[in-house]
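Engineer: Quick one: structure below, then a few questions.
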Amino acid sequence: MVIFLEIHTQPSAAPVIQALRSIGYNAQTAIADIVDNSVDAKADYIDIEFEYDMGDGYIRIADNGIGMTEGELQKAMTIGSKDPRDKRAKEELGRFGMGLKTASFSMGKRLCVITKKDGVTSERCWDLDYVSDKNEWLLHKSVPNEVRNRVGQVEGNSGTIVFIDRLDRFCGYGSHKVLKQDSYYSKVRRIHKYLEMVFHVMLEKYLLITINGNALCPWNPFLEGNSRRIEGEEQILRVNKNIIRITPYVLPHPSTFNQVDYKYAGGVKGWRDQQGFYIYRENRMVSFGDWFGMFPKDVPSELVRIKIEFSNAADNDWKIDVKKSTIFIPDEIKEDLKAIAKYYRQISQEMMLYRTKTTRTGGKIKGTLNTWELATDNIDSAYLLNRTHPVLTDILKTVDNNVRRKINIYLKLIELGSPNNLLKSGNMVKKERQQVDGKSRKLIIDYAEILFSTDIELDAEKVAETISMMSGFEGIEIDTIKKVIEKEVNINEPNNP
Ligand SMILES: Nc1ncnc2c1ncn2[C@@H]1O[C@H](COP(=O)(O)OP(=O)(O)OP(=O)(O)O)[C@@H](O)[C@H]1O
Ligand SMILES: [Mg+2]
280 MVIFLEIHTQ PSAAPVIQAL RSIGYNAQTA IADIVDNSVD AKADYIDIEF
330 EYDMGDGYIR IADNGIGMTE GELQKAMTIG SKDPRDKRAK EELGRFGMGL
380 KTASFSMGKR LCVITKKDGV TSERCWDLDY VSDKNEWLLH KSVPNEVRNR
430 VGQVEGNSGT IVFIDRLDRF CGYGSHKVLK QDSYYSKVRR IHKYLEMVFH
480 VMLEKYLLIT INGNALCPWN PFLEGNSRRI EGEEQILRVN KNIIRITPYV
530 LPHPSTFNQV DYKYAGGVKG WRDQQGFYIY RENRMVSFGD WFGMFPKDVP
580 SELVRIKIEF SNAADNDWKI DVKKSTIFIP DEIKEDLKAI AKYYRQISQE
630 MMLYRTKTTR TGGKIKGTLN TWELATDNID SAYLLNRTHP VLTDILKTVD
680 NNVRRKINIY LKLIELGSPN NLLKSGNMVK KERQQVDGKS RKLIIDYAEI
730 LFSTDIELDA EKVAETISMM SGFEGIEIDT IKKVIEKEVN INEPNNP
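Counting along the sequence shown from 1, when you hit position 371 you're at 650 in our numbering, and nothing is skipped either side.
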């Protein structure tokens with residue numbers, strides 16, 4: 280006989296509250312998490328107010344979203360109001376049923392919410408001092424009279440006001456270390472900039488957010504509209520059937536900006552620190568300027584910013600946290616991301632190294648000093664090496680025909696090693712065609728001839744293997760390459776003019 284011994288064990292309210300307050304938000308991620316809720320509620324206007332009042336002020340976030348019924352509000356104020364395992368609506372930013380409470384409590388001790396749906400207003404208030412005193416989860420059904428004026432009313436037919444005061448953690452309310460007014464507003468400015476970055480996609484499309492009356496301007500890390508930036512080819516990877524979109528960008532060389540634009544494009548952390556991956560979940564940036572330990576952040580690579588987009592269905596793969604600010608790159612795509620990043624970092628490095636010379640006077644050099652050029656026609660685009668680069672021209676002048684031919688073949692192989700060809704893992708949706716086209720066939724022949732002309736003892740098998748490992752040929756099977764060699768290359772009489 281099996282006997283179940285269970286005791287219903289209610290968590291103690293006071294210590295749980297303290298723990299919830301300390302899950303690692305900062306002011307920026309906390310405000311962003313509350314804004315997420317307004318975005319989910321289909322708001323297109325969010326008005327945020329920070330009142331200092333010598334540390335006795337408040338934070339008020341008012342939206343014109345769909346609002347909540349009293350039942351919905353009661354549920355929303357419950358800690359863990361939704362099951363994180365549930366499927367969320369397309370584009371929904373929420374996941375854990377925690378953010379409203381945890382983000383608010385990370386800044387202050389009292390959270391009042393007034394919401395209106397179809398003209399009917401409801402309100403609730405958590406007062407953490409009261410919860411701690413009573414050691415019970417007691418939620419007030421109405422907003423305390425002393426703050427009613429400050430909280431205000433929802434204008435229009437629907438919307439929600441989130442009001443947080445007793446800002447002990449935000450600005451030292453009730454302590455001896457109340458934040459000075461200057462520092463308080465510096466903090467507000469940092470939040471302003473942070474929201475301009477993480478919500479830039481929505482701000483560009485439809486959303487208006489104001490902070491103390493100032494409208495936010497979207498800060499686009501990829502300098503949308505700048506014709507000098509290089510936009511790499513979009514790559515699509517899959518993890519557990521979920522699609523991940525990757526769009527690499529190499530931004531223009533610093534010499535192409537005026538001082539103001541250059542500083543602005545540097546973003547909150549500055550050019551060097553802003554390089555890296557920018558990860559978006561449902562159009563909301565959840566991670567920015569980070570190589571996730573794959574590369575150092577060096578100055579020559581600072582032009583690279585790589586956009587990565589995933590959907591909320593993939594939250595588990597990315598281990599998104601309540602704060603929507605910590606994520607982990609799924610192991611399955613790490614190598615692919617590294618290959619993409621490596622390639623674009625190289626372009627940045629070359630641009631940084633060679634372009635610096637263009638700013639010098641003299642102007643004898645015709646054409647461009649870029650090592651890579653983006654060639655586009657109506658159907659396709661590709662990065663081509665600048666074959667008229669003065670350094671290359673100088674080198675080619677000094678060598679004989681045979682060496683020149685070898686260098687040209689080698690350069691062609693470099694070109695073929697574009698990210699399109701670099702990434703051939705099983706994750707790729709775009710598969711390279713397996714048959715060998717005329718160009719690749721010619722390159723196989725040329726390259727095999729060169730390899731056979733060396734002193735190394737080689738057979739068709741070995742040469743095919745070597746070529747198959749070279750970037751540009753990954754899509755072609757060894758056997759196919761071998762057949763081309765056997766058919767077209769005279770193995771016994773190496774071509775060595
Ligand atoms: N401004 C708002 N307008 C309308 N409904 C809201 C608003 N803020 C919160 N809600 C409702 O309250 C619920 C709880 O919000 P909360 O932020 O705590 O959790 P969540 O958004 O579901 O998930 P997460 O913890 O990932 O943020 C939301 O799912 C939403 O239904
Ligand atoms: Mg939320």
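Beta carbons are placed, not taken as given, at the ideal position from N, Cα and C, and that holds for glycine.
Pull the bridge partners of K420 from the DSSP assignment, please.
Structural biologist: None, per the DSSP bridge assignment.
Engineer: For I327, which of D342, D319, D716 and N316 has the nearest alpha-carbon?
Structural biologist: Checking every option, the nearest Cα to that of I327 belongs to D342.
Engineer: Under DSSP, the beta strand (DSSP E) around Q353 begins and ends at which residues?
Structural biologist: Where Q353 is concerned, there is no enclosing beta strand (DSSP E), although the alpha helix (DSSP H) it sits in stretches over E349 to A355.
Engineer: DSSP beta-bridge partners for N493?
Structural biologist: Beta-bridge pairing links N493 to I490.
Engineer: Check for me: the alpha helix (DSSP H) holding K472 runs from which residue to which?
Structural biologist: That run of the alpha helix (DSSP H) goes Q460 to V477.
Engineer: Beta carbon of V518, beta carbon of P497: below 9 Å?
Structural biologist: Contact: no.
Engineer: Is D577 close to ligand 1? I mean its beta-carbon at under 8 Å from any heavy atom of the ligand.
Structural biologist: No, the beta carbon of D577 sits no closer than 8 Å to any heavy atom of ligand 1.
Engineer: Is any heavy atom of ligand 2 found at a distance shorter than 8 Å from the C-beta of L379?
Structural biologist: Within the cutoff, so yes.
Engineer: With a CB to CB cut of under 8 Å and the five nearest residues on each side skipped, what residues in its chain are close to M476?
Structural biologist: So the list reads W498, P500, G546, V547, M564 and F567, once near-sequence residues are dropped.
Engineer: Would W651 and I760 be called neighbours here (beta carbons separated by less than 9 Å)?
Structural biologist: No, they are not a contact pair.
Engineer: Our contact map puts I619 next to P527 with C-beta atoms below 8 Å; I'd like the distance itself, whole angstroms only.
Structural biologist: Contact flag correct, Cβ pair sits at about 6 Å.
Engineer: Grab the span of the alpha helix (DSSP H) containing K718 for me, first residue to last.
Structural biologist: Here the alpha helix (DSSP H) through K718 covers G717 to F731.
Engineer: Using the beta-carbon count (16 or more within 10 Å), is G344 buried or exposed?
Structural biologist: Per the 10 Å Cβ criterion, buried.
Engineer: Starting from A341, trace the beta strand (DSSP E) both ways and give me its first and last residue.
Structural biologist: Run containing A341: Y337 to D342, per the beta strand (DSSP E) assignment.
Engineer: Looking only at DSSP bridge pairs, what is G438 linked to?
Structural biologist: Note: G438 sits in a beta bridge opposite K395.
Engineer: How is D323 classed by DSSP in three states: helix, strand or coil?
Structural biologist: D323 falls in the coil class under three-state DSSP.
Engineer: Is L299 near ligand 1, going by C-beta to nearest heavy atom under 8 Å?
Structural biologist: Not so, every heavy atom of ligand 1 lies at least 8 Å from the Cβ.
Engineer: Unbroken alpha helix (DSSP H) runs of length 4 or more, entirely within the stretch 496-533: which are they?
Structural biologist: DSSP runs (the alpha helix (DSSP H)) wholly in the stretch 496-533: none.
Engineer: Say the cut is 8 Å; is the CB of D365 nearer than that to a heavy atom of ligand 2?
Structural biologist: Checking every heavy atom of ligand 2 against the Cβ of D365, none is found closer than 8 Å.
Engineer: Roughly how many angstroms separate the alpha carbons of A494 and V314, rounded to a whole number?
Structural biologist: About 15 Å.
Engineer: Secondary structure at F329, three-state DSSP: helix, strand or coil?
Structural biologist: In this structure, F329 counts as strand in the three-state DSSP scheme.
Engineer: Please report the straight-line C-alpha distance between E736 and I764, rounded to a whole angstrom.
Structural biologist: So the two alpha carbons sit approximately 16 Å from each other.
Engineer: Helix or strand or just coil, what does DSSP make of E736?
Structural biologist: Note: E736 maps to coil in three-state DSSP.
Engineer: Got a sec, what are the start and stop residues for the alpha helix (DSSP H) I558 sits in?
Structural biologist: Taken as a continuous stretch (DSSP letters only), I558 belongs to no alpha helix (DSSP H), being part of the beta strand (DSSP E) at G555 to R560.
Engineer: As a quick exercise: from L664, N316, L632 and K762, pick the residue whose alpha carbon is nearest that of G373.
Structural biologist: Of L664, N316, L632 and K762, the residue nearest in Cα terms is N316.
Engineer: Any idea if V794 is buried or exposed, counting beta-carbon neighbours within 10 angstroms, 16 or more meaning buried?
Structural biologist: One cannot answer for residue 794 here, as it falls past the ends of the chain, which runs 280 to 776.
Engineer: Any idea what DSSP makes of E588, helix, strand or coil?
Structural biologist: The answer is strand: DSSP assigns E588 an E or B state.
Engineer: Is it right to say Y689 is buried, meaning 16 or more other beta carbons lie within 10 angstroms of its own, or is it exposed?
Structural biologist: Per the 10 Å Cβ criterion, exposed.
Engineer: State the start and end residues of the unbroken alpha helix (DSSP H) segment that holds D673.
Structural biologist: Here the alpha helix (DSSP H) through D673 covers P669 to K676.
Engineer: Any idea which residues DSSP pairs C404 with across the strands?
Structural biologist: In DSSP, C404 forms a bridge with C391 and H419.
Engineer: Is the distance from the Cβ of S437 to the Cβ of K396 below 9 Å?
Structural biologist: Yes. Within cutoff.
Engineer: Which term fits D615, buried or exposed, when burial requires 16 or more other beta carbons within 10 angstroms of its beta carbon?
Structural biologist: Per the 10 Å Cβ criterion, buried.
Engineer: Any heavy atom of ligand 2 inside 8 Å of the beta-carbon of N505?
Structural biologist: No, Cβ of N505 sits at least 8 Å from all heavy atoms of ligand 2.
Engineer: To the nearest angstrom, report how far apart F329 and K617 are at their CA atoms.
Structural biologist: Cα to Cα, F329 sits roughly 41 Å from K617.
Engineer: If we ignore side chains and look at the alpha-carbon of each, how far apart do F384 and A309 end up?
Structural biologist: Between F384 and A309, the C-alpha separation is close to 9 Å.
Engineer: Straight-line CA distance for L692 to E371?
Structural biologist: In a straight line, the C-alpha of L692 is about 45 Å away from that of E371.
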